[in-house]
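Below is one structure, written out as structure tokens; comments come after it.
4 protein chains.
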Amino acid sequence: MKRLGVLTGGGDAPGLNAVIRAIVKTAIREYGIEVIGFRDGFKGVLEDRHVLLTESAVSGILPRGGTILGTTNRDNPFKFPVAEGRFEDRSEECIEIIRDRVDALIVIGGDGSLSIAHELALKGLPVVGCPKTIDNDLAVGQAKTFGFDTAYAFATEALDRLHSTAESHHRIIVLEVMGRYAGHIALHSGLAGGADIILIPEIPFSYNKIIDKIQDRLKQNKRFSLVVVAEGAKEVGGEMVIQKMIAGSDDPVRLGGIGETVARQLERLTGIESRVTVLGHLQRGGSPTPYDRILATRYGVAATDLAVQGQFGYVVSLDGEKIKPIHLSEVAHGIRKVDTEGELLKAARKIGICFGD
Amino acid sequence: MKRLGVLTGGGDAPGLNAVIRAIVKTAIREYGIEVIGFRDGFKGVLEDRHVLLTESAVSGILPRGGTILGTTNRDNPFKFPVAEGRFEDRSEECIEIIRDRVDALIVIGGDGSLSIAHELALKGLPVVGCPKTIDNDLAVGQAKTFGFDTAYAFATEALDRLHSTAESHHRIIVLEVMGRYAGHIALHSGLAGGADIILIPEIPFSYNKIIDKIQDRLKQNKRFSLVVVAEGAKEVGGEMVIQKMIAGSDDPVRLGGIGETVARQLERLTGIESRVTVLGHLQRGGSPTPYDRILATRYGVAATDLAVQGQFGYVVSLDGEKIKPIHLSEVAHGIRKVDTEGELLKAARKIGICFGD
Amino acid sequence: MKRLGVLTGGGDAPGLNAVIRAIVKTAIREYGIEVIGFRDGFKGVLEDRHVLLTESAVSGILPRGGTILGTTNRDNPFKFPVAEGRFEDRSEECIEIIRDRVDALIVIGGDGSLSIAHELALKGLPVVGCPKTIDNDLAVGQAKTFGFDTAYAFATEALDRLHSTAESHHRIIVLEVMGRYAGHIALHSGLAGGADIILIPEIPFSYNKIIDKIQDRLKQNKRFSLVVVAEGAKEVGGEMVIQKMIAGSDDPVRLGGIGETVARQLERLTGIESRVTVLGHLQRGGSPTPYDRILATRYGVAATDLAVQGQFGYVVSLDGEKIKPIHLSEVAHGIRKVDTEGELLKAARKIGICFGD
Amino acid sequence: MKRLGVLTGGGDAPGLNAVIRAIVKTAIREYGIEVIGFRDGFKGVLEDRHVLLTESAVSGILPRGGTILGTTNRDNPFKFPVAEGRFEDRSEECIEIIRDRVDALIVIGGDGSLSIAHELALKGLPVVGCPKTIDNDLAVGQAKTFGFDTAYAFATEALDRLHSTAESHHRIIVLEVMGRYAGHIALHSGLAGGADIILIPEIPFSYNKIIDKIQDRLKQNKRFSLVVVAEGAKEVGGEMVIQKMIAGSDDPVRLGGIGETVARQLERLTGIESRVTVLGHLQRGGSPTPYDRILATRYGVAATDLAVQGQFGYVVSLDGEKIKPIHLSEVAHGIRKVDTEGELLKAARKIGICFGD
């Protein structure tokens, strides 16, 4: 092997740059091969936009959020958008360009990008995947994914900030965090930030239970409550709250979402002033935590190892303290949800956190 | 003087606890007098709820946000809410309780609380004011107010976080910050966080000018833009964007506000994906910055000095490096706005920041 | 069971308060039993100093470093210091007081405190252990211990800070971190902070190898280097660098230690200006990271569960995602060292980090 | 004017990059002139090493510590080091190269670099100065200098961290901070971080006074004390503590300095365990605070304005809210010391902080 390609796909996440840096360093120092980066995911492949990644190109990027290669959500080569609502299969062209430029490709991405990688692998492209999701909901064995630690750390910091306002004003403060299908960020940040109530998609909630908890706190002379809500949380028997869309966007703006609904209802039902904060994109950005930097670095090294060893069609994955490759076909058959019978959630209940059920 | 009273009024701000601590320490150590704190502003006075503030009561509160005394926005004794939409003048009762409990009162608060303090002073109450506003829009001479440094520092951190997402995804990212009548937080955080466009109430904007700036950046191959919008910013000839209210609340929830409007319009007009983040109450909370801790401490010491010296009817104020008392009658005749001809704003223009005009 | 006791022993660590809070909440809410806290470890037991831990006593302590119960390093009841260099066995007295006051005791501590707990258990005391060590070197199965994530996160932040000075001044900067017998903090912070050279007790180093690495960087036009040194690192064939002691202290002041030695030698051998920073106690303090807050909370819950179930003589331990009790006799038979053949260290080598061997 | 030069001299400080960025942006956008940067201060001038600073060269550097241009302490062209202990006057050569390359030069630096700038100005070089010192001890009128806010903010964070260890272990903790001739960092961080005792060069201390304070705290049942010591603090009648030098270095390693001495003495005199932490270079690094980013940006804009307007021989300076140029001859005639009769220090005394006098 002489030349390795790399691209980043889907939403940005803290740690992408750390993966890129590790790939480049490992390729050059350990294996003496070159690395080129395609810009803006598969879109950049199809437009043949790429850059040679030297060591100096990746110097200093370890602590930086985002991706120096750029990324996009609209780059599926099997269903490439050509006009409003029209798509074309440009996968052959994509494979051709990749084969022309590099001997193997590392795809760093989530659910969507790894599915594309799998389809390309089925068509014979030598590809290795590197899993990324800040929601922690990607089902890659037991693998941890980088970005999650940074995301819930920021949500925890937000709770720390909101705590003093809630307490000083005797208010209910609702924090809406990411998690459309799984409540990992809500559960972890809620535990770490001392939330009183945590609402997640896995456990439909009822307002009565929440109000019981708030009343219980009032009896203990605690006149404020902190509520963390995952954006996909819903009432028992209810639907996910429809969110408003910015015209032409495939990513709903998280306004008028579940956080606002919950705050409004709780104010109405308890008479206690309630406020909502929606974290939104703040959860995606910022310098990765040390934990995420290390995990991302390990994934970059392991993906390069796999590529050089010719073990294509796999995703790298950290299981406990060991890196284990998982076949791309096993990825993304569904979402990894919070284990509602798991020890973590039970611990949360034991210290009195209410899940609305 | 034997006993000093203190209360915190209006919205919470980082540094309130530092003021309280400084008052208590100065009163006890320097003057050998006692301090009691009324809970929840003037509401707590009328309900005669108070607590003796010993040194151990204020131990460890310097770095904490919020106020250990509690606060509220609904406590004007001259216009005290008794039922939905009905008010009573309970100022005499308020003065009586205060006189019964303490020899003088320090009121820590913003515009509203200091106006009340002024009216009480006119009725003969020995009162000293301590100014607070995180928007920096309180017109107390040239005085700086604590809380502002912390608020714009957090807005700057938010811009740092959003920067990598904007750049990786080639998006327009809009950050809505506090500032209904003055754009200090937007201007300062925009400058410190490297914003490309800053929209403030003092300078009505036109979308054409913003788009020119974005196009200009595209020509330089900068495919993303960061926009900071004060919540009170408005288009030339336009109105302030009406915000939705949570029923029964006097504080509008900042959803569907100017930030969302700007993001939506810019996406429509440029075709570039745009996202909005609304900081909201996150700006109020958190540990005060070292700057704010020192300023708050100085104000607490100075307010105690004034009270003990019998200089009532004044507000403490830091002018340059000196504490200067200002008469309560001079406070709050309007808002301190951003000086649009000032050197700071001119510097921002010289480095290419667009204000939409 | 009616009453549970808890104490914290040994050096303080971020997360101790989170454990205490979780114990109190679980005991009261889940089991309806009371908790009392002994002050200052076993010393406080012998002096019968304790406090009732209500929910309000642990309110707000989750994000705070240190321990509200106090701690000490000089409290072994089996070898209690009575005068300069003289000790007494006061274990019987200790057991008696504990039995008088509570039905079972949870000991939160490291190596030393857990050994004491084990000895007390052998004498029949109903005791449960909760492991703590910020060095991550406690050998409790595969268990993670809280405090470590916070410690290496701060060391990483320090490297981020030192990086710009090193680069601007073209210097060698040496950061000395904790780790007398194991290099976990050095390895993790070095990886996360982009160190070029990491020196740990497990791998004796030679200056020649380090200089080769520095020369290699110079050839790439990188005129600075970042070195992380664990305090127990040593040259091949060398001894651990003897550190000066503050008279009468059992804890060496980390001045004139290995960090300074390495900086001095590298400056002499390369002619490049070199500087050293010793992190010392800064690594112990501060608010625990969200990861550590969750881990500490889980440990607190699990320890309370064990105590209530009467499973005495065990230590709680997190293995993967599951809590598993480990017998106290299995703890502390030696130190958990960095696995020099492990995947983590190999990954570090592959991206070019030099370990001096 | 067609071309402006810029260099950074002396120790690095947070904000240098923000100045460089502001100069480049202002020069290009406002005045349409080019900027080149000399590398590594005047040393780089003499070696004719420079780089064209385009807008893309300064993109993204606002939040970064250090200087992209590099810097050095050994670059006085009037006394340029040619061999061990031998110097040459190379100022003519320096002026010639600068005149060849640019129409005017902006020197960003402290005491030393601004003195050189003054001497070069006297020889006719068109030069403008931009003041920098993280100690805040540069005597440029009433001017604030960037870097100071970041430095004392970090020292405050360190105190926050050490506080919990001090309290948990009932120890005296000593933090040694920068300040060889002036105690600004010690005073500000001590006030903001809740120190009990602050020792600065301007106020010689006696151990008796410190011990009185510690005893006083013990009586209040406060069994720990936080001491901040500026590196230049000294006992009444004593000398500055001689610090060990790394051979061949002009910058003493701050080990075995006053911090260690004070900790050792206090432990001996009180019998309370004492520990010391020396912050050292950590105070120089890291991302500048928002305050420093704004100040540095204003200075960069103002320096460019002066250069383009031909107002040479001046230093930019912020007085209150206005930029005022000060003549280079007025700079650096001594050190700006802490005003021991000033309102800030008096406020510190009133809340009970002990200065050892």
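Protein sequence lines, in the order shown, are assigned to chains A, B, C and D. The opening residue of the first sequence carries number 1 in full-length UniProt numbering; numbering runs sequentially from there. The opening residue of the second sequence carries number 1 in full-length UniProt numbering; numbering runs sequentially from there. The opening residue of the third sequence carries number 1 in full-length UniProt numbering; numbering runs sequentially from there. The opening residue of the fourth sequence carries number 1 in full-length UniProt numbering; numbering runs sequentially from there. Here a beta-carbon is modelled for each residue, glycine too, at the ideal position from N, C-alpha and C. Here the structure is a predicted model, which means the values were calculated and not measured.
Q) Where does the unbroken alpha helix (DSSP H) through residue 169/C begin, and where does it stop? A) Stepping through the third sequence from its first residue, residue 169/C is reached at position 169. Segment 148-169, the alpha helix (DSSP H) holding residue 169/C.
Q: Measuring only between beta-carbons, confirm whether residue 380/A sits less than 8 Å from chain B.
A: Residue 380/A lies beyond the stretch modelled for chain A, which goes from 1 to 357, so this question has no answer here.
Q | 8 Å Cβ cutoff, residue 35/C in contact with chain D | A | Within the third sequence, the letter at position 35 stands for residue 35/C. Not one chain D Cβ lies under 8 Å of residue 35/C.
Q) Taking buried to mean at least 16 other C-beta atoms within 10 Å of its own C-beta, is residue 54/C buried or exposed? A) Taking the third sequence and counting its residues from 1, the one referred to as residue 54/C is at position 54. Exposed, since its Cβ has fewer than 16 Cβ neighbours within 10 Å.
Q.
How far does the alpha helix (DSSP H) with residue 295/D in it extend, from its first residue to its last?
A. By one-based count along the fourth sequence, residue 295/D stands at place 295. Note, residue 295/D: alpha helix (DSSP H), 290-309.
Q) Skipping 5 residues on each side, what residues in its chain have a beta carbon closer than 7 Å to that of residue 117/A? A) As a position in the first sequence, residue 117/A is number 117, starting the count at 1. Closer than 7 Å at Cβ, skipping near neighbours: 107, 127, 129, 328.
(Q) According to DSSP, simplified to helix, strand and coil, what is residue 35/A? (A) Locating residue 35/A in the first sequence gives position 35, counting from the first residue. Strand at residue 35/A.
Q. Using a Cβ-Cβ distance under 8 Å, would residue 407/C count as near chain D?
A. This structure cannot settle anything about residue 407/C, because the visible part of chain C is limited to 1 through 357.
(Q) Mapping the DSSP letters down to three states, classify residue 173/B as helix, strand or coil. (A) For the purposes of this step, residue 173/B is identified with residue 173 of the second sequence, where counting begins at 1. The answer is strand: DSSP assigns residue 173/B an E or B state.
Q. Where does residue 76/B land, buried or exposed, given buried means 16+ other C-beta within 10 angstroms?
A. Position 76 of the second sequence, counting from 1, holds the residue named residue 76/B. Residue 76/B should be labelled buried.
Q: Hey, could you find the ends of the beta strand (DSSP E) residue 80/C is sitting in?
A: Position 80 of the third sequence, counting from 1, holds the residue named residue 80/C. Run containing residue 80/C: 80-83, per the beta strand (DSSP E) assignment.
Q: Answer with buried or exposed for residue 359/D, where buried requires no fewer than 16 other C-beta atoms within 10 angstroms of its C-beta.
A: Here chain D has residues from 1 to 357 only, and residue 359/D is not among them.
Q) Going along the region 129-161 of chain A in order, which residues come within less than 7 Å of chain C, judged by CB to CB distance? A) 149, 152, 153, 156, 160
Q.
Counting only Cβ pairs nearer than 7 Å, list the residues of chain D close to residue 206/B.
A. For the purposes of this step, residue 206/B is identified with residue 206 of the second sequence, where counting begins at 1. Result: empty, since nearest Cβ-Cβ is about 20 Å, beyond 7 Å.
(Q) So residue 200/A and residue 187/A are supposed to be a Cβ contact under 8 Å. How far apart are they, rounded? (A) On the first sequence, residue 200/A is found 200 positions in, with the first residue counted as 1. On the first sequence, residue 187/A is found 187 positions in, with the first residue counted as 1. Rounded, the Cβ-Cβ distance is 6 Å, consistent with contact.
Q | Top-ranked residue by Cα proximity to residue 297/D, from 50/D, 52/D, 62/D, 8/D | A | As a position in the fourth sequence, residue 297/D is number 297, starting the count at 1. Here the closest residue by C-alpha is 62/D.
Q | Proximity below 8 Å, CB of residue 202/B to CB of residue 183/B | A | Taking the first residue of the second sequence as position 1, residue 202/B is located at position 202. Taking the first residue of the second sequence as position 1, residue 183/B is located at position 183. Cβ distance < 8 Å, so residue 202/B and residue 183/B count as in contact.
Q. Counting Cβ pairs, one atom from each stretch, are 3 or more of them under 8 Å apart for the region 13-25 of chain A and the region 139-155 of chain A?
A. yes
Q. CB residue 67/C to CB residue 351/A, shorter than 8 Å?
A. One-based indexing of the third sequence puts residue 67/C at position 67. One-based indexing of the first sequence puts residue 351/A at position 351. Contact flag unset, no.
Q) So, are the CB atoms of residue 125/B and residue 98/B less than 8 Å apart? A) On the second sequence, residue 125/B is found 125 positions in, with the first residue counted as 1. On the second sequence, residue 98/B is found 98 positions in, with the first residue counted as 1. Taking 8 Å as the Cβ cut-off, residue 125/B and residue 98/B qualify as a contacting pair.
Q: Could you tell me whether any Cβ in chain C is nearer than 8 Å to the Cβ of residue 12/D?
A: Indexing the fourth sequence from 1 puts residue 12/D at position 12. With 8 Å as the cut-off, residue 12/D counts as an interface residue toward chain C.
Q: Check the Cβ of residue 226/B against every Cβ in chain D and list those closer than 9 Å, keeping chain order.
A: The residue you call residue 226/B lines up with position 226 of the second sequence. In chain order: nothing, as chain D lies at least about 11 Å away.
Q) At least one CB of chain B closer than 8 Å to the CB of residue 170/A: is that the case? A) Against the first sequence, residue 170/A aligns to sequence position 170. Chain B contact via Cβ: present.
Q: Indicate whether at least one CB of chain C lies closer than 8 Å to the CB of residue 220/A.
A: Against the first sequence, residue 220/A aligns to sequence position 220. Yes, residue 220/A lies at the interface with chain C (some Cβ there is under 8 Å from its Cβ).
Q.
Quick check: residue 359/C and residue 228/C, are their CB atoms within less than 8 Å of each other?
A. The displayed coordinates of chain C run from 1 to 357. Any statement about residue 359/C would go beyond what the structure contains.
Q. Can you tell me whether residue 196/A is buried or exposed, with buried defined as 16 or more other CB within 10 angstroms of its CB?
A. For this step, residue 196/A is matched to residue 196 along the first sequence. Residue 196/A is buried by the Cβ-count criterion.
Q) By the criterion of Cβ-Cβ separation under 7 Å, what are the contact partners of residue 338/A in chain B? A) In the first sequence, the residue the question calls residue 338/A occupies position 338. The contacting residues do not exist; residue 338/A stays about 25 Å from chain B at best.
Q | Buried/exposed call for residue 338/D, threshold 16 Cβ in 10 Å | A | Taking the fourth sequence and counting its residues from 1, the one referred to as residue 338/D is at position 338. It is buried - the Cβ of residue 338/D has at least 16 other Cβ atoms within 10 Å.
Q. If you check the beta carbons only, do residue 276/A and residue 177/A fall under 8 Å apart?
A. Along the first sequence, read from residue 1 onward, the residue named residue 276/A stands at position 276. Along the first sequence, read from residue 1 onward, the residue named residue 177/A stands at position 177. The answer is no: Cβ separation not under 8 Å.
(Q) Quick check: does the Cβ of residue 317/A come within less than 7 Å of any heavy atom belonging to the ligand MN? (A) With respect to small molecules bound, the structure shown includes none, and the ligand MN cannot be examined in it.
Q: Take residue 172/B and list the residues in its own chain whose beta-carbon comes closer than 6 Å to its own, dropping the five residues that flank it on each side.
A: As a position in the second sequence, residue 172/B is number 172, starting the count at 1. Contacts found: 225, 266, 272, 274.
(Q) Below 8 Å on the Cβ atoms is my contact criterion, and I expect residue 133/C with residue 100/C to pass it. Report the Cβ-Cβ distance as a whole number of Å. (A) Within the third sequence, the letter at position 133 stands for residue 133/C. Within the third sequence, the letter at position 100 stands for residue 100/C. Residue 133/C to residue 100/C, Cβ: 30 Å. No contact.
Q | Length-filtered (3 minimum) beta strand (DSSP E) runs lying within the region 85-136 of chain B | A | 86-88, 104-109, 127-131
Q) Quick one: Cα of residue 185/C to Cα of residue 280/C, how far? A) Position 185 of the third sequence, counted from the start, is the residue given in the question as residue 185/C. Position 280 of the third sequence, counted from the start, is the residue given in the question as residue 280/C. Each residue's alpha carbon lies about 12 Å from the other.
Q: Indicate the three-state DSSP secondary structure (helix, strand or coil) for residue 355/B in the structure shown.
A: Within the second sequence, residue 355/B is the residue found at index 355, counting from 1. Residue state, collapsed to three classes: coil.
Q: Kindly list the residues whose CB is nearer than 7 Å to the CB of residue 19/A, restricted to its own chain and excluding five residues on each side of it in sequence; keep chain order.
A: Taking the first sequence and counting its residues from 1, one reaches residue 19/A at position 19. Cβ neighbours of residue 19/A beyond the five flanking positions: 108, 130, 296, 299, 300.
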